[in-house]
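Q: Dumping the structure here so I can ask a few things about it.
In full-length UniProt numbering, the protein residues as written are 1 to 93.
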C-alpha cells in the first residue's frame, strides 16, 4: 500500500486511533453504506460485494437526498454549485 501511494505521488493520511470524529464524513458514509446496503446481502465473492457497493455509491450520489446540502442529491448540488467548487481537489485516502 505504501509503495503504491508513493508511486502515485499520494500522501496517505491517518487519524489517531479511536478518534472517529476526526473523520466524521467518511464515518457517516460507512454507517449509511452498512445500514442501507451491506446488511441486506450475504456476499459469496468480492466481485459480488463490489458490484453492490458500486450500485450504492451511484444511488448515494445521484438519487439519495442529503439534508446538509438542502435536500438535494450530491450531483444536483454539484451541478448548481460547480462554479464555486475548487477546481483542484485534494484526495485523501
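C-beta atoms are modelled at their ideal positions from N, C-alpha and C, and glycine is treated no differently.
Would you be able to state if there are at least three C-beta pairs under 8 Å between the segment 74-84 and the segment 52-62?
A: yes
Q: Grouping DSSP H, G and I as helix and E and B as strand, with all else coil, what is residue 11?
A: Here residue 11 sits in coil by DSSP.
Q: Between residue 7 and residue 16, how many whole angstroms is the CB-CB distance? I'm expecting something under 8 Å.
A: Rounded to whole angstroms, the Cβ separation of residue 7 and residue 16 is 26 Å, and the two are not in contact under 8 Å.
Q: Spatial neighbours of residue 80 within its chain, please: C-beta separation below 8 Å, excluding the five flanking residues on both sides.
A: 72
Q: For residue 72, list the residues DSSP reports as bridge partners.
A: 66
Q: Rounded to whole angstroms, what's the CA-CA distance from residue 84 to residue 19? Just pull it up for me.
A: Those two C-alpha atoms are separated by around 31 Å.
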